[in-house]
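In this text, residue positions in the sequence shown follow this note's numbering: the first is 1315, and each later residue adds one.
Even for Gly, the Cβ is constructed at its ideal location relative to N, Cα and C.
Structure record follows, encoded as structure tokens.
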Amino acid sequence: MLKFARRFFGHKDELASFLSQIGISNSVTKYSIDEGKVEVQLKLDESYRKNRAALLNHIKTLPWVNDCKVTIAPAEQKTKDYGNLKKVKNIIAVASCKGGVGKSTVAVNLAFSISLLGYRVGIFDADIYGPSLPTLINSPQTYLESPKDDPKSIIPIVYNGVKCMSYGYAAANKKAIYRGPIVSALIQQLLFNTLWDELDYLVLDTPPGTGDIQITLCQELPISSAVIVTTPQKLSFVDVVKGIEMFDELKVPTVAVVENMSYFECSNCKEKHRPFGLGYKDMLVKQFGIKNSFELPMHSDYSKFGDLGAPVVLVHPPQSSLVETFLEMGRKVMQETETVKNIKNPKVWYSPKDSLIYVEQDKELTISPYKLRTSCQCAACVDEFSGVQLFKPEQIPEDVYPLKIEAKGNYAVAVTWSDGHRSSLYPYSNLISIAKSP
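What follows is the structure, encoded as structure tokens:
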């Protein structure tokens, strides 16, 4: 025991000295050591990416370290002044992680769909470099005003009952040339100073990507849930995974995936044609356990009415498939946003004593490690489109066991296996089904 304590504290001192030598000790909020595995929490600031790279590049010089995990430190627990957001009940972030997928069109139509369902709604266009809202809604008013008795506040533009705000209204067609930290501060100032009053839902149309601006927004704003917009191409799928993982790390639950431009419907035969292939929507749902997914078609009315400044849900007949899809999207997003507030996920752990994985929720269930390993649905184990298993069960060692089980947000656990497999992700619903299956 004494020998272990000396080694442990020796490693702690060595790690502290190492962090100081590479110049990042002031950015480290916490670190831990567990049998050669190091976990370091870094502050989220303008140096985060540089500090993370320096740590991962140089940690290999410590011979006793065999694994290093870097996480973002939680935002400081202090009473934040959310300004005029105090009366906003829910903020729904609509994100794409990649430009050009139709995120803003989806965000606008989602906002007006929720409004059509009878709720008080606002929409905030958080893209400073390329604001879309002034184009997507043709409001008679294109300038911003402040109350005479409160010049620091901004009155939002109201269009068909929805309160709207965008940097595009404030900039008067001027180009925005700002660095990341300034953009984040500018977005927050515009958002906090807008007189939203009482809203049931504020839809946040986030800038594309997963960089510092997006991370800062998620940390600084009380975001309730996220909706991810993608397209069928693999490149978009790869970026969507990054986005889901970003929201997961920042404790924002992803409640829906929207695949835009999934298909077009032939006007003659009414058959659905998929020029970009089947897409990865089902893979996302299966891999991450996201309950709600939607397909949107390639339809000329999106661009036609978008160019005219009219959300399609306001001009299409209520019984049209486009309107019905967006209304259903609005219902499901609201429902899941409320559900995740009170969700209690199962506890999952491995017991080396009896070589079983335990899943505990209402009652305790068990799974053999071999059974769970051979049930992996990741892209390396199952063909993305056919669903055919890419390995033979006999290729997996019968004595396989989990090296690490780690919760991933509200939806799943990630498992690192003793046979070297590292990409297993099991939604909680799948875990329970596997445990109950014969």
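**Study point:** Minimum C-alpha distance to Pro1461 - residue among Asn1659, Leu1447, Pro1470, Gly1525
**Key:** Here residue 1461 corresponds to residue number 147 of the sequence shown, with the count starting at 1. The shortest C-alpha to C-alpha distance from Pro1461 to any of Asn1659, Leu1447, Pro1470, Gly1525 is the one to Pro1470.
Point to revise | CA nearest to the CA of Ser1480, picked from Ile1496, Asp1464, Asn1507 | key: Along the sequence shown, read from residue 1 onward, the residue named residue 1480 stands at position 166. It is Asn1507.
Review point. Between the C-alpha atoms of Lys1449 and Ile1681, what's the straight-line distance to the nearest angstrom?
Key: Looking up residue 1449 in the sequence shown gives position 135. Looking up residue 1681 in the sequence shown gives position 367. In the sequence under discussion, the amino acid at residue 1449 is Thr, which differs from the Lys named in the question. C-alpha separation (whole angstroms): 54 Å.
Review point. Is it right to say Phe1323 is buried, meaning 16 or more other beta carbons lie within 10 angstroms of its own, or is it exposed?
Key: Taking the first residue of the sequence shown as 1, we reach residue 1323 at position 9. Low local confidence applies: a pLDDT of 45 at Phe1323 is under 50, so the model's placement there is unreliable, with the coordinate-based value given in what follows. When all chains shown are included, Phe1323 counts as exposed.
Exercise for review: Whole angstroms is fine: what's the gap from Ser1331's alpha carbon to Gly1525's?
Suggested key: Numbered from 1 along the sequence shown, position 17 holds the residue referred to as residue 1331. Numbered from 1 along the sequence shown, position 211 holds the residue referred to as residue 1525. Distance between the alpha carbons of Ser1331 and Gly1525 is about 30 Å.
Check your understanding: Looking at Ala1425 and Leu1518, is the spacing between their C-beta atoms short of 7 Å?
Key -> Locating residue 1518 in the sequence shown gives position 204, where the first residue counts as 1. Locating residue 1425 in the sequence shown gives position 111, where the first residue counts as 1. Contact: no.
Practice item. Could you spell out the range, first to last residue, of the beta strand (DSSP E) harbouring Asp1664? Key: Here the question's residue 1664 lines up with position 350 in the sequence shown. At residue 1664 the sequence reads Tyr, which differs from the Asp that was named. Unbroken beta strand (DSSP E) run through Tyr1664: 1661-1665.
Practice item. Would you list the one or two residues that DSSP bridges to Pro1790? Key: In the structure displayed, the chain extends from 1315 to 1752; residue 1790 sits before or after that span and is not available.
Check your understanding: When the Cα of Tyr1656 is compared with those of Thr1385, Asp1441, Ser1538, which residue comes out closest?
Key -> Working through the sequence shown from its first residue, we reach residue 1656 at position 342. The amino acid at residue 1656 is misidentified as Tyr; the sequence shows Asn. Selected option, being the one with the closest Cα: Ser1538.
Point to revise | Beta-carbon contacts of Pro1522 that lie in its chain and below 7 Å, excluding the five residues immediately before and after | key: Here residue 1522 is taken as the residue at index 208 of the sequence shown, counted from 1. Around Pro1522, the same chain offers Ser1410, Cys1411, Lys1412, Gly1413, Lys1417 as residues with beta carbons nearer than 7 Å, after the five sequence neighbours per side are excluded.
**Study point:** Touch test, the region 1566-1577 against the region 1585-1604, Cβ-Cβ under 8 Å, three pairs minimum
**Key:** Segments in contact, yes.
Practice item. Evaluate Lys1595 with the Cβ neighbour count: other Cβ atoms within 10 Å of its Cβ, from every protein chain shown; 16 or more gives buried, anything less gives exposed. Key: Your numbering for residue 1595 matches position 281 in the sequence shown. Around the beta carbon of Lys1595, a 10 Å sphere encloses 16 or more other beta carbons of the protein chains shown; the residue is thus reported as buried.
Practice item. Just the C-alpha distance for Ser1467 and Asp1514, rounded to the nearest angstrom, thanks. Key: Walking along the sequence shown from the start, residue 1467 turns up at place 153. Walking along the sequence shown from the start, residue 1514 turns up at place 200. When rounded, the distance between both Cα atoms is 20 Å.
Point to revise | Exposure of Ser1669, with buried meaning 16 or more beta-carbon neighbours within 10 Å | key: By 1-based counting over the sequence shown, the position of residue 1669 is 355. With fewer than 16 Cβ atoms within 10 Å of its Cβ, Ser1669 is classed as exposed.
Practice item. Have a look at Lys1400, Asn1404, Val1420, Arg1366 and flag the residue whose alpha-carbon is nearest the alpha-carbon of Val1626. Key: Stepping through the sequence shown from its first residue, residue 1626 is reached at position 312. The residue with the shortest Cα to Cα distance from Val1626 is Val1420.
Point to revise | Status (buried if at least 16 other CB within 10 Å, exposed otherwise) for Ser1576 | key: Reading the sequence shown from its first residue, position 262 is the one you call residue 1576. Counting Cβ neighbours within 10 Å, Ser1576 comes out buried, since at least 16 surround it.
Exercise for review: Would you check if the region 1587-1594 and the region 1627-1641 touch, i.e. whether three or more CB-CB distances between them fall below 8 Å?
Suggested key: No, the region 1627-1641 does not touch the region 1587-1594.
Check your understanding: Out of curiosity, what's the CA-to-CA distance linking Lys1317 and Met1560?
Key -> Here residue 1317 corresponds to residue number 3 of the sequence shown, with the count starting at 1. Here residue 1560 corresponds to residue number 246 of the sequence shown, with the count starting at 1. For Lys1317, the predicted model reports a pLDDT of 43, less than 50, meaning its position is unreliable; a value from the coordinates is still stated below. So the two alpha carbons sit approximately 40 Å from each other.
Review point. Thr1544 and Val1554: beta carbons closer than 7 Å?
Key: Locating residue 1544 in the sequence shown gives position 230, where the first residue counts as 1. Locating residue 1554 in the sequence shown gives position 240, where the first residue counts as 1. Thr1544 is a Cβ neighbour of Val1554, given a cutoff of 7 Å.
Point to revise | Cut-off 8 Å between Cβ atoms - residues of its own chain near Val1435, not counting five sequence neighbours on either side | key: Here residue 1435 refers to the residue found at position 121 of the sequence shown. Taken in chain order, the residues that qualify are Ala1425, Phe1426, Ile1428, Ser1429, Gly1475, Val1476, Lys1477, Leu1513, Asp1514, Tyr1515, Leu1516, Val1517.
Point to revise | Tyr1715 in three-state terms, based on DSSP | key: Locating residue 1715 in the sequence shown gives position 401, where the first residue counts as 1. For Tyr1715, the three-state secondary structure derived from DSSP is coil.
Exercise for review: At 3 residues or longer, and completely inside the region 1395-1421: list those beta strand (DSSP E) runs for me, N to C.
Suggested key: Within the region 1395-1421, the runs of beta strand (DSSP E) at least 3 residues long that lie entirely inside it are, in chain order, 1402-1409.
Practice item. With DSSP collapsed to three states, give me the class of Phe1578. Key: Locating residue 1578 in the sequence shown gives position 264, counting from the first residue. Reduced to three states, the DSSP call for Phe1578 is strand.
Review point. Under the three-state reduction of DSSP, which class applies to Val1569: helix, strand or coil?
Key: The sequence position of residue 1569 within the sequence shown is 255, counting from 1. The answer is strand: DSSP assigns Val1569 an E or B state.
Exercise for review: Could you round the C-beta distance between Gly1644 and Leu1370 to whole angstroms and report it? I think they count as a contact, below 8 Å.
Suggested key: Residue 1644 sits at position 330 when you count from the first residue of the sequence shown. Residue 1370 sits at position 56 when you count from the first residue of the sequence shown. 42 Å between Cβ atoms; not a contact.
Check your understanding: Is DSSP giving Phe1640 helix, strand or coil here?
Key -> The residue labelled residue 1640 in the question sits at position 326 within the sequence shown. In this structure, Phe1640 counts as helix in the three-state DSSP scheme.
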